[in-house]
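Chemist:
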Amino acid sequence: MSAIRTEGLSKRYRDTLALDDLDLTVEEGEVYGYLGPNGAGKTTTIRLLLGLHRPTGGRAELFGIDAWRDPVEAHRRVAYVAGEPFLWPALTSAETFEYFARLRGGTDTAYRDRLIERFQLDADRKVRALSKGNRQKVQLIAALASRADLLLLDEPTSGLDPLMEIAFREAVLEAKQRGQTVFLSSHIMSEVEALCDRVGILRAGRLVDEGTLAELRHLSASTVEITFAGTAPDLGHLPGVEIVAAGSNALRCEVTGSVAPLLAALAGLPVIALMSHERSLEEIFLHHYDTGDGRVSP
Amino acid sequence: MLSFALLYGLISLTMVAGYRHSYPTPRERAMFAQSFGANKAVRLFYGAPHDLLTIGGYTEWRLVGVGSIFAAVWGVLAAVRAMRAEEDAGRQELVLAGTVGRRSAYVAALGAIAVGATILWLATFLGLVVARLPAGSAASLSLATISPVLVFTGVGAVASQVAATRRLALELASGVIVLSFLLRVVADTSSGVGWLRWTTPLGWAEELRPFTGTRPAALVPPVIAGALLLLLAGSIAVRRDIGDGLLHGKDSATPRLRLLGSPTALALRNERGSLLAWLAGAGMYALVIGLLATTFSTRDISANLQEQLRKLGGISITTPTGALGLYFLFFVLAVSLFACAQVSAIRREEADGQLETLLVLPVGRSRWLIGRLVLAASGAAAIALTAATLAWAGAASQHADVSLTRMLAAGGNCLPTALLFLGLAALAFAVVPRASAGIAYALVLGTFLWQLLGALLDAPHWLVDLTPFQHVALVPAQPFRPAAAAALLAIGAATATAAVVVFRRRDLEGA
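Chains as they are written, first to last, in this note's numbering: chain A, 1 to 298; chain B, 1001 to 1511.
1. Would you call the stretch 1089–1106 of chain B and the stretch 1227–1244 of chain B touching, i.e. three or more CB-CB distances under 8 Å?
2. Between the beta-carbon of R12 (chain A) and the beta-carbon of T56 (chain A), is there less than 8 Å?
3. Would you call the stretch 29–48 of chain A and the stretch 188–204 of chain A in contact, with 3 or more CB pairs under 8 Å?
4. Shorter than 8 Å from the beta carbon of Y34 (chain A) to some beta carbon of chain C?
5. Taking the Cβ atom as the reference point for each residue, do L1291 (chain B) and S1397 (chain B) lie within a distance shorter than 8 Å?
6. Between the alpha carbons of R279 (chain A) and T212 (chain A), how many angstroms are there, rounded?
7. Spell out the partners DSSP gives T92 (chain A) in its beta bridges.
8. Indicate whether at least one CB of chain A lies closer than 8 Å to the CB of T1298 (chain B).
9. Once you ignore the five residues that flank A1286 (chain B) on each side, which residues in its own chain have a CB closer than 6 Å to its CB?
10. Beta carbon of I1177 (chain B), beta carbon of A1072 (chain B): below 8 Å?
11. Along the chain, where does the beta strand (DSSP E) containing F1503 (chain B) start, and where does it finish?
12. Using the rule of at least 16 other Cβ atoms within 10 Å of the residue's Cβ for burial, across every protein chain shown, is Q1092 (chain B) buried or exposed?
13. Around the C-beta of G1075 (chain B), are 16 or more other C-beta atoms found within 10 angstroms, so that it is buried, or is it exposed?
14. Sort B:I1119, B:A1048 and B:G1411 by Cα distance to L1002 (chain B) and report the nearest one.
15. Does G1492 (chain B) pass the burial test, meaning 16 or more other C-beta atoms within 10 Å, or should it be called exposed?
16. Starting from C253 (chain A), follow its DSSP beta bridges and name the residues at the other end.
17. Measuring CB atoms only, is the stretch 1412–1419 of chain B touching the stretch 1466–1479 of chain B, in the sense that at least three cross pairs come out at less than 8 Å?
18. Is the stretch 21–29 of chain A touching the stretch 72–89 of chain A, taking contact as three or more C-beta pairs under 8 Å?
19. I need the straight-line Cα distance from A1005 (chain B) to T1124 (chain B), nearest angstrom please.
20. State yes or no: is the C-beta of E1206 (chain B) within less than 8 Å of the C-beta of G1047 (chain B)?
21. Buried or exposed for M1015 (chain B), going by 16 or more other Cβ atoms inside 10 Å?
22. Identify each residue in the stretch 1247–1260 of chain B for which the Cβ-Cβ distance to at least one residue of chain A is less than 9 Å, and report them in chain order.
23. So, at 6 Å on beta carbons, what are the nonlocal neighbours of A1494 (chain B) in its own chain, with the 5 sequence-adjacent residues on each side left out?
24. For the beta strand (DSSP E) containing K11 (chain A), list its first residue and its last residue.
25. Decide if R267 (chain A) is buried, meaning its Cβ has at least 16 other Cβ atoms within 10 Å, or exposed.
26. What residues from the stretch 170–199 of chain A come within 7 Å of chain B, judged by C-beta to C-beta, listed N to C?
27. Among residues of its own chain, excluding the 5 on either side of T1447 (chain B), which ones have a beta-carbon nearer than 8 Å to its beta-carbon?
28. Return the CA-CA distance between R1029 (chain B) and T1054 (chain B), expressed in angstroms with no decimal places.
29. Nearest chain A C-beta to V1151 (chain B) closer than 8 Å, yes or no?
30. What span of residues does the alpha helix (DSSP H) with T109 (chain A) cover, start to end?
31. Does the Cβ-Cβ distance between T92 (chain A) and K126 (chain A) come in under 8 Å?
32. Is it true that the CB of D154 (chain A) sits closer than 8 Å to the CB of K42 (chain A)?
33. Using a cut-off of 7 Å between C-beta atoms, extract the partners of A90 (chain A) located in chain B.
34. Mind checking L269 (chain A): buried by the 16 CB within 10 Å criterion, or exposed?
35. Just the C-alpha distance for R128 (chain A) and V192 (chain A), rounded to the nearest angstrom, thanks.
36. Could you spell out the range, first to last residue, of the beta strand (DSSP E) harbouring R147 (chain A)?
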């Protein structure tokens, strides 16, 4: 059974279409990265997955349970970390943890204490007196310690310092080793690149690309730079090869799909140096958002 | 703001029209002055009258007596909202990070309050003019009524600088209001201590006496005190750290694990302070009413007033049960307002985002809302029964002939109306969340005033019957009306059920 499955999921707020016909499947045990700039529909997706907002069309299921019709049953297996932490200002962190644990009907207290130490949180401080980053830690620790089957994380590291980000990555990898599913909405590429098995890219409410990092790299071009001993030949006619820049004895081209035709053509030529690099997730991402006039748009 | 303006306009209109209607001849006015004007229970709430034989003197007494308390409350609310609530919510930081300085932010907040006070003055003035009072006198009477805004804006401003949270600021400032009121009560009800009136801001408003020997000099203390308080608050505001107050609350605490078992339990934990304040306030008020229930003289009351009372249900205010029956109508109103305050707290939990945090846990929407409504209903019952018990204790200590059972029935009699408004307010919360608190308060105050006004204007029966207050029996003076109570309860239960059904189907809405 899939941890998350949506079919034709759409949401319209008055006259804005925030999410358009989303088909998404996340298998159990996967760490799924959900990428998109602000306003692309990431938080809307999560609100629909949690049954907080009502789908205009389609449906969302968590572990086969309809998120809108039966949210309580679905939530028993889910822990959520919101991008903006809304807690109870008069409670201390320790009281907040206790409240969450009682509402959930149990939590891994030993792991919670380890996390409190790892994230260096003073649990006796009142939420009112905590900075945003520290309130974010409270949410994260409560969610991780619940050992829920599915962790829904909405930009969980906003407000965390780099050291705490490392602690966060460790905790996510631990969750993965335990077989928990993680849905990580983010716009921090390095984080997604380091943690996620599969990535979906959202643009203006539509899923524009999806796959493992390898697949995404495969689908999109890699850049190859070649230096020749003599004059550079014209290789633009080869399938999947596009010349981006040409000098007298050097070429830079983008290769889409297999590099085999290019390598075959180069075999008989006096090549001095050959450099190739795969696109980073960031380049893939920007590729999807490039409007062609040098600007990047959602 | 709008509801306060409406309140002032309607009250000033009904005061004048009511007096004219009830006491048309000098003889009736003289009798009224003798019986009511001398009564301590009446003086307690309205202050000491100076002249009850003219419309002006009567209106001055009633309007300043009640209006000055509302003005104090409004001044505190407006100041704390402008000077602490924004900061508590973190928005003030954004404003001050821009090109707005501390000083100009403070001055802008004062400007907004000044505009609000002017609107209140205008509403009162218009109410009096519509009731055919001369414009000049209406203007100065309105000024006297609204004048406590000045001092209490200052009190709210200083409290906002001292306390680091909105709640604490409101608590401190409310304490000052209660103290001022108690001083006024002592000054107005005990002989020989009239000078005490000069020690309380609410007394200054009384001493202005626009109709009974104007004393412009009485404007000096409020102007000086208001200016000093505002200057003090301003000088603290430009010096202190943003987000902090002079009284720095404790930031750390050892965990207290009681009342964390369910959303309803946590709501009780968070609302405990305000519930206790309601209990204490209503209880004190009820005790005093009980103590004074036997003091209404048996002397003749104006024929017209008796006619009015007969319209209200043929009761006599000169017996303890009659007085208690009439006064408990105000508890019906108070407990209904408590229901509104609870729904407003429910909405705040959604607007501030905590509800979202709750509902992503295995907590159902119905369970959450029903729990909160049950908590509100239990709070209302606790307030009504506490008031009933203390009113009985007060009356019994004066050997009045009222049994505890009948007073408890009077307390219970407050609940059908309160639960009706709780249901209506909950439905407003489900359908139009952002406007729900305003709608709830407007419904309660509007229907209450309409009951007073409708009777005076001789409005058609079916129109007056629309207000729930028309159907409340004046227990213990009248027998409890089970049919009317059942009808109010049924509508309350039906609207509350509809609220739960609608709320299950809507998106959560932020602020």
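For every residue, glycine included, the Cβ atom is placed at its ideal position computed from N, Cα and C. Treat the numbers as computed from the prediction; the structure is a model and nothing was measured.
Modeler: Checking against the coordinates, here is how it stands:
1. yes
2. yes
3. yes
4. No chain C appears in this structure, whose protein chains are A and B.
5. yes
6. 14 Å
7. A:K126
8. Only weak support exists for where T1298 (chain B) lies, its pLDDT of 49 falling under 50; the value from the coordinates is given anyway. Not closer than 8 Å to any Cβ of chain A, the Cβ of T1298 (chain B) fails to qualify, so no.
9. A1387, L1390 and A1391
10. yes
11. F1503 (chain B) -> not in any beta strand (DSSP E); alpha helix (DSSP H) instead, spanning P1482 to R1505.
12. buried
13. buried
14. B:I1119
15. buried
16. A:V224 and A:I243
17. yes
18. no
19. 8 Å
20. yes
21. buried
22. G1249, K1250, D1251, S1252, A1253, T1254, P1255, R1256, L1257 and L1260
23. none
24. S2 to Y13
25. For the record, residue 267 (chain A) in the displayed sequence is Ala; it is not Arg. That one is exposed.
26. none
27. L1466, T1467, P1468 and F1469
28. 8 Å
29. no
30. T109 to R118
31. yes
32. yes
33. N1270
34. exposed
35. 31 Å
36. Careful: R147 (chain A) lies outside any beta strand (DSSP E) and carries neither H nor E.
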